[in-house]
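Each number in our numbering comes from the position in the sequence shown (counting from 1) with 283 added on.
Ideal placement from N, C-alpha and C gives every residue a C-beta, glycine not left out.
Let me begin by presenting the structure, written as structure tokens, before commenting on it.
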Amino acid sequence: MARKTGREKGSRQVGYAMIGLGHIAQAAVLPAFAHAKNSKLVALVSGDAEKRAKLARKYRCDAYDVRDLDDVLDRPDVDAVYIAEPNDKHVDFAVRCAKEGVHVLCEKPLAVSEEEC
284 MARKTGREKG
294 SRQVGYAMIG
304 LGHIAQAAVL
314 PAFAHAKNSK
324 LVALVSGDAE
334 KRAKLARKYR
344 CDAYDVRDLD
354 DVLDRPDVDA
364 VYIAEPNDKH
374 VDFAVRCAKE
384 GVHVLCEKPL
394 AVSEEEC
């Protein structure tokens with residue numbers, strides 16, 4: 284599915300939404316996005332209101348409750364998502380985002396069973 288993005292043609296910066304704000308996201312992924320020249324963190328998605336508000340202030344981006352993921356996927360500046368949720372949620376988020384034409388980076392494993400793959 285082709286998806287219209289808000290990026291200018293030829294722009295190399297990719298807009299990311301981070302789904303899940305656990306330890307690895309906070310210790311490694313978010314700091315990496317903050318220093319990346321070719322990526323821009325545009326949204327955080329989490330069920331933890333306090334955590335997402337704190338991190339949105341720190342990284343100067345928008346914050347969404349996980350129940351509002353459709354709003355995130357509708358944003359033209361969200362080119363890709365990074366999924367950092369618990370393992371049993373990876374496949375559901377990955378499939379949902381891919382069906383909307385959003386690129387997916389997912390922590391391993393993509394699924395917890397062979398049947399889900």
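A straight line joining the alpha-carbon of residue 398 with that of residue 371 spans about 13 Å. Secondary structure of residue 320 (DSSP, three-state): coil. Inter-residue distance for residue 383 and residue 377 is about 10 Å (C-alpha atoms, whole angstroms).
Scanning the stretch 319-400 from its first residue to its last, the whole alpha helix (DSSP H) runs of 4-plus residues come out as 332-342, 352-356, 373-382. Taking each of 295, 375, 305 in turn and checking the Cα distance to residue 395, the smallest one comes out for 375.
Our two residues, residue 379 and residue 313, have alpha carbons roughly 22 Å apart in a direct line.
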